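Given below as structure tokens:
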């Protein structure tokens with residue numbers, strides 16, 4: 010019985026196990042844009058519009074990857090990042106900063122806090138962001 | 008006996024003649040000198056006759072002749088003396104003078120008669136002493152006692168009234184008359200059978216000397232100095248003589264004379280010992296004299312001590328204190344002032360250029376061109392007021408009297424007059440004597456060096472201080488500038504970070520949406536929404552670019568508004584429509600509370616005033632994470648006030664002043680990145696400043712509670 014476990018079901022499982030990305034972004038236009046692009050890239054996407062909501066979603070959804078904006082209405086992305094890396098349940102989730110802040114100190118700070126990468130939004134098209142996300146997951 | 012007195016006559020005659028010549032040659036035009044000359048020549052005639060008369064021991068006729076000859080002199084002396092005194096003390100009571108001259112002339116008629124000198128007889132060792140005639144008695148009474156006494160009374164009276172040089176002159180005249188007439192009067196005793204030889208005759212010469220000094224000499228020898236010198240010589244002579252006679256007596260008694268070989272040998276040794284031992288003896292005598300006459304404070308010692316004190320001080324105030332105290336004590340004057348002279352910086356050519364300012368009396372100054380100041384600078388010698396008066400420097404004397412100055416001693420350093428010491432009258436009213444002047448001369452040169460040193464020291468000190476001050480000031484200035492610059496740089500870098508972020512965000516969306524459209528990766532249902540988002544972002548981008556451009560435009564000097572009556576109602580309506588959507592997006596309640604009546608026209612530039620209000624609202628949105636933004640309007644008699652109140656993060660009090668500057672952000676706003684340009688309030692402020700009657704102010708603000716901005720706009724007059 011066990012051996013006759015249908016491969017289609019496995020495939021279905023695999024499909025349902027598409028990597029999940031948490032997108033923490035306050036700007037509606039960008040949020041929508043990245044959501045579509047990531048979905049097109051083969052991800053499941055969950056969204057949050059501020060840091061606090063992002064934390065809750067991270068705990069609830071256990072995403073494979075978090076794309077984190079830095080300029081958020083309630084708390085800076087750096088604080089959110091620090092929180093994520095501080096909590097046992099979320100500390101192993103790959104966090105990539107997705108921001109238009111191009112400041113050396115901020116980038117260094119984020120990498121130090123445990124971000125896997127720092128993507129300057131304007132320098133990449135949404136599709137390229139999705140491609141990058143795939144690479145982070147493979148690694 | 009007789010020879011000795013005869014010699015006194017010769018001595019008096021010589022001294023009198025010499026002094027008469029000296030005084031008349033000193034200034035033959037002055038009446039006082041001429042009278043002195045006459046008086047002294049009369050004395051000389053008397054003395055010459057006296058000498059001749061007493062030289063004769065056996066010729067009665069010749070003795071009588073010379074006796075009558077000397078009487079010419081003695082008859083004339085009292086009236087000349089009296090006349091001279093009236094001149095000296097400025098006593099202008101002519102009738103006594105006329106009476107005196109008349110009486111003298113009258114007695115002169117009798118000189119060669121027996122009525123004046125009745126005869127001669129031997130008395131008390133003199134072979135031909137005169138017997139007075141009847142007229143001689145009258146003469147002694149009226150002239151000798153009357154005129155001489157009268158003159159002396161005038162002298163005493165004047166002595167009590169005057170001061171300074173005059174007082175000294177009169178004192179000398181008094182001493183002279185006392186010695187001369189007192190001494191001369193000792194001759195009368197034998198005339199009237201009183202057995203007392205005319206010892207006083209030796210003093211007559213003193214009267215000549217004293218009178219001569221009173222006229223010719225102006226810097227008097229201090230009597231103390233004379234007495235001290237006499238003391239030294241007399242003591243030394245007594246010492247020498249005592250030694251000599253003791254030696255002679257001893258040698259005569261024990262060695263059988265002073266010329267024996269043993270005595271000569273002893274003498275040689277004694278002379279050597281004397282030559283070797285005399286200097287310490289002189290020193291001892293001089294010191295004892297100083298102790299006696301100067302209470303141990305000889306001028307030399309005082310000068311030495313004062314010099315030491317002066318050279319030990321480099322503080323100018325301390326120097327002045329020493330100088331003033333010592334002068335007051337040594338020269339016994341209350342009024343001491345020290346002036347420093349400086350070149351008047353903006354003096355007219357040809358006029359005096361020196362200003363003398365007092366160090367002791369701060370603020371006291373002699374103006375440029377003051378005669379005292381100029382004279383001291385040019386003459387560089389001690390100026391004695393009384394001398395100046397004698398020499399006829401009327402204007403200088405006037406100036407000196409105005410300052411109450413008796414002596415001016417210039418402070419000369421390396422040929423340059425750096426100032427002067429001004430001394431007032433002596434406390435006893437005496438004149439400054441030669442010792443005083445010498446003392447002043449020495450101390451002035453010492454003081455000049457000390458003052459110059461102190462001045463140089465102070466200059467260096469001042470220079471150091473100024474330099475340090477300048478360095479400090481500049482350091483402070485540089486530090487402030489650097490801090491300011493750093494702040495500006497920080498603000499600028501902050502601004503650039505924010506602005507670049509704000510510029511990138513819309514570009515990201517536009518670029519992203521366009522790329523996805525091209526790829527065809529946007530689901531058709533969502534396409535419209537994507538396009539609207541991109542379009543809005545392009546508008547936002549335009550706004551931000553506009554802000555940046557406007558701010559830099561306002562930074563330039565050409566910025567000017569186009570003021571005209573503007574309808575706020577329409578502007579506010581348009582803003583309300585535009586901003587409602589943003590508020591919905593941001594989940595913030597935007598309320599417009601306007602009066603029911605339309606707002607009056609305001610005087611402003613439509614384009615800019617709209618931007619100002621929009622910026623205020625945007626600003627509130629940016630710093631209000633949740634809650635509401637309320638726009639209201641109030642009409643005042645001359646203005647309309649637009650209020651924008653939010654429930655945002657508020658502004659800390661200390662950040663309010665810098666709020667309107669470019670790139671500035673309140674401390675608590677730094678972390679709050681928004682989609683604004685960061686130039687909102689700066690632009691509003693520029694617009695308000697360029698609109699007459701407009702103002703922007705923060706009506707109230709509380710951290711975490713919210714802020715209310717009030718924008719006041721002037722109502723257009725025509726409406």
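Protein chains in written order, with the numbering used here: chain A, 10 to 148; chain B, 8 to 726.
Glycine included, each C-beta is placed from N, C-alpha and C at the ideal position.
Quick caveat: nothing in here was measured; it's all calculated off a predicted structure.
Closest Cα partner of residue i within the set the options
i: residue 57(A); options: 76(A), 27(A), 48(A) and 119(A); result: 76(A)
i: residue 84(B); options: 195(B), 97(B) and 191(B); result: 191(B)
i: residue 325(B); options: 458(B), 114(B) and 526(B); result: 458(B)
i: residue 729(B); options: 601(B), 493(B), 693(B) and 445(B); result: This structure cannot speak to residue 729(B), because chain B is shown only from 8 to 726.
i: residue 74(A); options: 116(A), 61(A), 27(A) and 62(A); result: 27(A)
i: residue 731(B); options: 636(B), 594(B), 70(B) and 649(B); result: As shown, chain B starts at 8 and ends at 726. That puts residue 731(B) outside it, with no answer to give.
i: residue 107(B); options: 30(B), 583(B), 167(B) and 155(B); result: 155(B)
i: residue 698(B); options: 707(B), 646(B), 332(B) and 320(B); result: 646(B)
i: residue 117(B); options: 105(B), 94(B), 514(B) and 76(B); result: 76(B)
i: residue 95(B); options: 165(B), 103(B), 249(B) and 350(B); result: 165(B)
i: residue 122(B); options: 103(B), 573(B) and 78(B); result: 78(B)
i: residue 702(B); options: 616(B), 141(B), 561(B) and 51(B); result: 616(B)
Beta-carbon proximity check, residue i vs residue j, cutoff 8 Å
i: residue 100(A); j: residue 93(A); result: yes
i: residue 90(A); j: residue 104(A); result: yes
i: residue 181(B); j: residue 162(B); result: yes
i: residue 344(B); j: residue 315(B); result: no
i: residue 529(B); j: residue 45(A); result: yes
i: residue 429(B); j: residue 412(B); result: yes
i: residue 723(B); j: residue 609(B); result: yes
i: residue 363(B); j: residue 372(B); result: yes
i: residue 279(B); j: residue 269(B); result: no
i: residue 718(B); j: residue 611(B); result: no
i: residue 321(B); j: residue 464(B); result: yes
i: residue 653(B); j: residue 636(B); result: yes
i: residue 54(B); j: residue 20(B); result: yes
i: residue 44(B); j: residue 22(B); result: no
i: residue 557(B); j: residue 691(B); result: no
Pairwise C-alpha distance: residue j and residue i
i: residue 658(B); j: residue 709(B); result: 6 Å
i: residue 471(B); j: residue 478(B); result: 10 Å
i: residue 481(B); j: residue 469(B); result: 18 Å
i: residue 9(B); j: residue 131(B); result: 9 Å
i: residue 80(B); j: residue 74(B); result: 10 Å
i: residue 651(B); j: residue 501(B); result: 26 Å
i: residue 335(B); j: residue 449(B); result: 16 Å
i: residue 678(B); j: residue 85(A); result: In this predicted model, residue 678(B) has a pLDDT of only 49, less than 50, meaning its place in the structure is not dependable enough to derive any value.
i: residue 226(B); j: residue 236(B); result: Confidence at residue 226(B) is low in this model, with a pLDDT of 41, below 50, so its placement is unreliable and no value can be given for it.
i: residue 515(B); j: residue 621(B); result: 25 Å
i: residue 152(B); j: residue 184(B); result: 12 Å
i: residue 247(B); j: residue 392(B); result: 45 Å
i: residue 378(B); j: residue 160(B); result: 39 Å
i: residue 51(A); j: residue 98(A); result: 25 Å
i: residue 242(B); j: residue 292(B); result: 7 Å
i: residue 704(B); j: residue 577(B); result: 24 Å
i: residue 408(B); j: residue 466(B); result: 34 Å
Own chain, CB closer than 7 Å to residue i, minus 5 neighbours either side, in chain order
i: residue 587(B); result: 597
i: residue 271(B); result: none
i: residue 687(B); result: 622, 625 and 626
Cutoff 8 Å; reference residue i; Cβ partners in own chain excluding five residues on either side
i: residue 521(B); result: 541
i: residue 105(B); result: none
Contacts around residue i, its chain only, beta-carbon distance under 6 Å, and the 5 residues preceding and following it disregarded
i: residue 229(B); result: With a pLDDT of only 48 at residue 229(B), under 50, the local geometry of the prediction cannot be trusted, and no value is derived from it.
i: residue 196(B); result: 203
i: residue 700(B); result: 721
i: residue 544(B); result: 513, 516 and 517
Cβ-heavy atom distance, residue i to the ligand NAP, below 7 Å
i: residue 479(B); result: Absence of the ligand NAP from the depicted structure is noted, as is the absence of any ligand whatsoever, leaving it without description.
CB contact below 8 Å: residue i versus chain E
i: residue 45(A); result: Judged by its chain identifiers, the structure shown contains no chain E, and its protein chains are A and B.
Near-chain A residues of the segment 581-607 of chain B (beta-carbon distance less than 9 Å), N- to C-terminal order: Listed by position along the chain: 592 and 593.
Residues in the segment 55-69 of chain A having any Cβ partner in chain B nearer than 7 Å: Residues: none.
Positions along the segment 100-122 of chain A whose CB lies within less than 7 Å of some CB in chain B: Within the segment 100-122 of chain A, the residues whose Cβ lies closer than 7 Å to some Cβ of chain B are 109, 110, 111 and 112, listed in chain order.
Near-chain B residues of the segment 121-143 of chain A (beta-carbon distance less than 7 Å), N- to C-terminal order: Hits within the stretch, in order: 130, 131, 134, 135 and 136.
Short-range partners of chain A found in the segment 502-514 of chain B, where Cβ spacing is below 7 Å: Among the residues of the segment 502-514 of chain B, those with a Cβ less than 7 Å away from any Cβ of chain A are 504, 507, 508, 511, 512 and 514, in the order of the chain.
Interfacial residues, the segment 520-533 of chain B to chain A, with Cβ spacing under 8 Å: Here the close residues are 520, 522, 523, 526, 528, 529, 530 and 533.
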